[in-house]
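Reviewing the structure listed below.
Residue numbers (the UniProt record's numbering): 1 to 152.
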């Protein structure tokens with residue numbers, strides 16, 4: 001069995017030949033296509049316009065089917081037109097990034113108010129065991145930076 005890879009005499013690049021196919025036929029196809037590969041190489045760059053991030057693991061949008069990086073994986077982040085093409089309005093169905101940020105800040109504010117209330121109760125000695133557990137949970141969540149878990 002011959003497993004040598006033929007080299008194109010024009011471009012001097014190796015031309016892959018699938019098993020069982022005649023190398024002369026494959027070489028002829030390669031030359032007729034102006035020494036271009038028949039199979040396009042997979043492009044692992046984000047499909048968002050202007051983003052050139054190379055993806056190790058591409059994330060496919062369920063609506064439009066395109067692959068995006070982690071930053072643009074959500075339909076709201078890459079201005080997905082998948083739902084709009086099917087008749088739905090994606091802007092009314094999805095929450096904007098600014099709205100999600102506003103909600104996150106509101107949750108942090110409420111958490112800090114609850115911590116203050118429970119700490120005051122603890123100083124007065126009127127805190128129950130359940131409230132002590134709740135205070136411990138809230139304080140541990142407060143240690144997160146910008147609402148994201150940090151492993152140190």
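Just so you know, even glycine gets a beta-carbon here, dropped at the ideal spot from N, CA and C.
- Item | Where the alpha helix (DSSP H) containing residue 100 begins and where it ends | 97 to 124
- Do residue 23 and residue 14 have their CB atoms nearer than 9 Å? no
- Message: Per the DSSP calculation, residue 134 is bridged to which residue(s)?
- Response: Looking at the DSSP output, residue 134 sits in no beta bridge, so it has no partner there.
- Message: What does DSSP give as the partner residue(s) for residue 45 in the beta ladder?
- Response: 54
- Query: From 53, 54, 73 and 51, pick the residue whose C-alpha is nearest to that of residue 61; which is it?
  - Reply: 73
- Contact check, residue 138 vs residue 111 under 8 Å by CB: the rounded distance? The beta-carbon separation of residue 138 and residue 111, rounded to 6 Å, stays under the 8 Å limit for a contact.
- Beta-carbon spacing of residue 122, residue 129 below 9 Å: no
- Applying the criterion that 16 or more other CB atoms from any shown protein chain within 10 Å of the CB defines a buried residue, is residue 75 buried or exposed? The residue in question, residue 75, is buried, as its Cβ has 16 or more Cβ neighbours within 10 Å.
- Whether residue 33 touches residue 67 by CB criterion (9 Å): no
- Drop a sphere of 10 angstroms on the beta-carbon of residue 64, count the other beta-carbons inside from all chains shown, and report buried for 16 or more, exposed for fewer. Flag for residue 64 reads buried.
- Expressed to the nearest angstrom, what Euclidean distance is found between the alpha-carbon atoms of residue 20 and residue 11? Residue 20 and residue 11: Cα-Cα distance of roughly 24 Å.
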